[in-house]
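Here the structure comes first, spelled out in structure tokens, and everything after it is commentary.
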Amino acid sequence: MVKGKKISARWQAERKMLDEAVNAPETGYEKFKKIVGYVVMLLYRLRKVFLAIPVVYLALKLAVYNLNHLPEQVGVNLQSSGAFANMISRQVAVMTPLGVTAACLVLMFASRKALYPWAVSLFTLLLPILLLISNLYPA
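Throughout the sequence shown, residue numbering follows the numbering used here, covering 15 to 153 in sequence.
And the structure:
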């Protein structure tokens with residue numbers, strides 16, 4: 015509850031700063047510069063959200079695609095003979111990469127530096143593609 019009040023107070027302070035910038039008796043260029051600076055600052059503070067949106071969208075899109083196109087039993091750990099070492103169900107094959115991507119995004123939101131876990135979450139988007147290719151076109 016205390017954190018919610020802090021966030022609310024901070025947003026009110028930001029809003030007051032923006033109102034002061036708009037209503038200040040300055041030239042048009044100075045007002046424009048302050049408003050653009052405020053927007054850039056806001057985008058920088060919300061960068062984790064903006065980075066996560068495309069990853070979440072692609073992860074869900076790949077999960078739905080794999081749910082519709084993977085066979086009922088999905089093979090993992092392709093051997094040199096062309097046979098799979100393990101077989102898992104389609105739901106596990108869809109939800110596991112989705113869970114790994116979600117875990118990377120949670121770590122991104124918990125991290126101070128957002129780009130490293132975000133880059134790892136981009137690489138986790140290759141897992142459903144790899145499962146799909148290895149099961150549709152086995153060696």
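Even glycine gets a Cβ: it sits at the ideal position worked out from N, Cα and C.
Start and end of the beta strand (DSSP E) containing residue i?
i   : result
Q93 : Per DSSP, Q93 belongs to no beta strand (DSSP E) and is neither H nor E.
Mind checking who residue i pairs with in its DSSP beta bridge?
i   : result
I21 : Beta-bridge pairing links I21 to no other residue.
Which residues mark the beginning and the end of the alpha helix (DSSP H) in which residue i is found?
i    : result
P111 : R104 to A124
E40  : Looking at the DSSP string, E40 is not in any alpha helix (DSSP H), and its letter there is neither H nor E.
Taking DSSP as the reference, what is the three-state secondary structure of residue i?
i    : result
A99  : strand
E86  : coil
K75  : helix
L150 : helix
K189 : Because the chain is modelled from 15 through 153, residue 189 falls outside the range shown and cannot be assessed.
L139 : coil
Who are the near neighbours of residue i in its chain, counting only those whose CB is closer than 7 Å to its CB and skipping five residues on each side?
i    : result
T138 : P111, V114, T115 and C118
F123 : K62
Pick out whichever of the options has its Cα sitting closest to the Cα of residue i.
i    : options             : result
L144 : L60, L92 and V69    : L92
Y71  : L146, L136 and S148 : L136
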